[in-house]
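Numbering (my numbering), first residue to last: 1 to 350.
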């Protein structure tokens, strides 16, 4: 957050390094103690070393001001300032789903995960997970098998692989998808890195699906984070009393996740259509004359697109604060110009 504040205040990363320390004190959130702890010389030296590493290993540096930066993630207030990306994954794919679950997946859970990925294939989806044991790697492996794009978000630098037995899968993922991390080379897989990693898994996707999870663990943390980002969360129900169904049942029971029984349910809620399916022709509307400038902007954006737009997409396209956008959407809906659909998406009334 401090890095973003400094870049925003000075107008660019280069300008931050050029500015005298006295001016850093004027940046909101930065005090004298923080300034005293900053060593820009050491930071530049470390950056030069990292640049050599990423160039040698063909890793893309994605700064949060770059157009390649994941737009869904950028909308989250605690998104990383810099991402390390390897492979060819489109971080702004039209459809992105995160699949999470326990490391101690049962055979039923793995089967459910593989079936889920297979049913998602006709929707041209990028599947995101954390490349951990259990449900995560089951999702990635099925994507590799079906030649579907898949992205693994790591809790360490791209100079290593944890757990090591997932390295063969990770290497195959680079052919159609890739690996993503906010951590520079040399960062080891410390325990505290994985909850941090989970916010990327939740924030980069349209929705998060919990396949199998105990009442405690990373999958429920990811679901909670996704809820805090106002993203859809789904969970498969499990048998009462099963340890690795307790988490899913808890999410459903407490309205923290929608019950999922098939991909058709998911596609309907998110307003998705299968690739190649015919879409209804949307009429050209006469622009209403009694709209405010903000309402008119929203109307025009919805008119230009042939599919319902999620509130996160509208936030980016209108550049409005979420609270202001929500009020304008409500006004348009009350006037009968737009309608809200499941999955927090909006479309024109026609």
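Even for Gly, the Cβ is constructed at its ideal location relative to N, Cα and C. These numbers come from a predicted model, not from an experiment.
If we ignore side chains and look at the alpha-carbon of each, how far apart do residue i and residue j end up?
i: residue 156; j: residue 335; result: 50 angstroms
i: residue 345; j: residue 308; result: 6 angstroms
i: residue 121; j: residue 180; result: 22 angstroms
i: residue 98; j: residue 226; result: 10 angstroms
i: residue 212; j: residue 139; result: 12 angstroms
i: residue 332; j: residue 264; result: 29 angstroms
i: residue 273; j: residue 215; result: 33 angstroms
i: residue 266; j: residue 95; result: 12 angstroms
i: residue 233; j: residue 206; result: 9 angstroms
i: residue 110; j: residue 210; result: 12 angstroms
i: residue 248; j: residue 254; result: 10 angstroms
i: residue 31; j: residue 19; result: 16 angstroms
i: residue 136; j: residue 23; result: 45 angstroms
i: residue 192; j: residue 349; result: 47 angstroms
i: residue 91; j: residue 124; result: 13 angstroms
i: residue 69; j: residue 229; result: 17 angstroms
i: residue 221; j: residue 67; result: 29 angstroms
i: residue 330; j: residue 292; result: 13 angstroms
i: residue 322; j: residue 163; result: 39 angstroms
i: residue 43; j: residue 320; result: 35 angstroms
i: residue 143; j: residue 117; result: 7 angstroms
i: residue 49; j: residue 108; result: 46 angstroms
i: residue 100; j: residue 246; result: 15 angstroms
i: residue 340; j: residue 208; result: 21 angstroms
i: residue 358; j: residue 4; result: The displayed coordinates of the chain run from 1 to 350. Any statement about residue 358 would go beyond what the structure contains.
i: residue 305; j: residue 296; result: 15 angstroms
i: residue 326; j: residue 347; result: 14 angstroms
Is DSSP giving residue i helix, strand or coil here?
i: residue 207; result: strand
i: residue 231; result: coil
i: residue 299; result: helix
i: residue 244; result: helix
i: residue 325; result: helix
i: residue 93; result: coil
i: residue 86; result: strand
i: residue 279; result: With a pLDDT of 49 at residue 279, under the threshold of 50, the modelled position of this residue cannot be trusted; read the value that follows with caution. The answer is coil: DSSP assigns residue 279 none of H, G, I, E or B.
i: residue 34; result: helix
i: residue 185; result: coil
i: residue 346; result: strand
i: residue 174; result: coil
i: residue 99; result: strand
i: residue 292; result: coil
i: residue 257; result: coil
i: residue 236; result: coil
i: residue 158; result: coil
i: residue 7; result: helix
i: residue 132; result: coil
i: residue 104; result: coil
i: residue 335; result: coil
i: residue 273; result: coil
i: residue 68; result: coil
In the DSSP assignment, the alpha helix (DSSP H) including residue i goes from what residue to what residue?
i: residue 46; result: 40–56
i: residue 137; result: 135–146
i: residue 190; result: Element bounds for residue 190: n/a, residue is neither H nor E.
i: residue 318; result: 311–318
i: residue 269; result: 263–270
i: residue 339; result: Careful: residue 339 lies outside any alpha helix (DSSP H), inside the beta strand (DSSP E) at 338–341.
i: residue 81; result: Careful: residue 81 lies outside any alpha helix (DSSP H) and carries neither H nor E.
i: residue 115; result: 107–120
i: residue 15; result: 13–18
i: residue 73; result: 71–74
When the distance is taken between beta carbons, is residue j closer than 7 angstroms to residue i?
i: residue 218; j: residue 270; result: no
i: residue 301; j: residue 328; result: no
i: residue 188; j: residue 73; result: no
i: residue 93; j: residue 60; result: no
i: residue 134; j: residue 105; result: yes
i: residue 223; j: residue 251; result: yes
i: residue 141; j: residue 169; result: yes
i: residue 182; j: residue 83; result: yes
i: residue 166; j: residue 312; result: no
i: residue 89; j: residue 12; result: no
i: residue 185; j: residue 17; result: no
i: residue 71; j: residue 316; result: yes
i: residue 102; j: residue 268; result: no
Let's see if you can read the secondary structure: which residues bound the beta strand (DSSP E) around residue i?
i: residue 178; result: 177–181
i: residue 60; result: 60–63
i: residue 152; result: 150–153
i: residue 128; result: 125–129
Counting Cβ pairs, one atom from each stretch, are 3 or more of them under 8 angstroms apart for the region 255–263 and the region 220–240? They touch, by the three-pair rule.
Is the number of C-beta pairs between the region 67–83 and the region 191–206 that are closer than 8 angstroms three or more? Taking one beta carbon from each stretch, the region 67–83 and the region 191–206 have 3 or more pairs nearer than 8 angstroms; the two touch.
Three or more beta-carbon pairs under 8 angstroms between the region 129–137 and the region 146–153, yes or no? Result yes; three or more Cβ-Cβ pairs closer than 8 angstroms.
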